Amino acid sequence: MSHALNKSGATRLGFALLLKFFEVEARFPESAQEVPTAAVEYVVQQVKVPAEAWAHYDWQSKAIQRHRGEIRAAYGFRANTEEDQDRLAAWLATELCPVELSRDRLAAAVVARCRNDHIELDMNSRLDLCLDLTAAGATPP
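Residues in the sequence shown are numbered consecutively from 34, following the working numbering.
In structure tokens, the structure reads:
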């Protein structure tokens, strides 16, 4: 959390919550509502910023993009690319789906693979579609 020390108010709390969420999920939340209330309450105590400040964190700012970059760098991750998505889809289709039918276990394997490769898991990617298709026995796009 030392990266949060040079920030203040909503920016400090937002950065700290993104950092903690990324630490656990290997991805960033899509919205403030995705961050559990218990996590907000815990981090508020750590960074000494009122919980109400979380509502003022700007999800469309350049600051959040900078925060994400700082957090990826701190954990040695990089952003997910289209090539990464293609490789993951091919891996799912050729190696995992022939032996695993559970969508939950396929999703867990994708998360583990992304963590291992230090690639940010992109929830807006085609991976959900690929998981659905490969679990159903179809070839992903």
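Ideal Cβ positions, reconstructed from N, Cα and C, are used throughout, including at glycine.
In this text, all values refer to a predicted model and were calculated from it rather than measured experimentally.
Which listed residue (the options) has its alpha carbon closest to that of residue i
i      : options                          : result
Ile97  : Glu128, Ala43, Leu154 and Glu153 : Ala43
Asn113 : Gln66, Glu67 and Val144          : Val144
Phe61  : Trp92, Ser135 and Val76          : Trp92
Arg148 : Arg111, Ala122 and Glu115        : Arg111
Glu63  : Val80, Tyr90, Ser135 and Ala122  : Tyr90
Arg146 : Ala88, Asp117 and Tyr75          : Asp117
Ser41  : Ala142, Trp87 and Tyr75          : Trp87
Check whether residue i and residue j have beta carbons under 8 Å apart
i      : j     : result
Val73  : Arg45 : no
Leu154 : Ala71 : no
Beta-carbon contacts of residue i that lie in its chain and below 6 Å, excluding the five residues immediately before and after
i      : result
Gly109 : His151
His100 : Phe48 and Leu51
His84  : The question names His, yet the displayed sequence has Ala at residue 84. Taken in chain order, the residues that qualify are Val73 and Val77.
Pro174 : Note that Pro174 scores a pLDDT of 48, beneath 50, so its modelled location is shaky and nothing firm can be said.
N-terminal and C-terminal residue of the alpha helix (DSSP H) that residue i is part of
i      : result
His100 : Lys95 to Tyr108
Arg60  : It is not in any alpha helix (DSSP H) - Arg60 carries neither H nor E in the DSSP assignment.
Asn149 : Arg136 to Asp150
Beta-carbon contacts of residue i that lie in its chain and below 7 Å, excluding the five residues immediately before and after
i     : result
Val68 : Leu50, Phe54 and Pro62
CB contact below 8 Å: residue i versus chain C
i     : result
Ser41 : This model lacks chain C altogether, as it is built from one protein chain only.
Own chain residues within Cβ distance below 8 Å of residue i, not counting five before or after
i     : result
Ala65 : Trp87, Ala88, Tyr90 and Trp92
- With contact counted as at least three CB pairs below 8 Å, one residue from each stretch, are the region 54-73 and the region 93-112 in contact? yes
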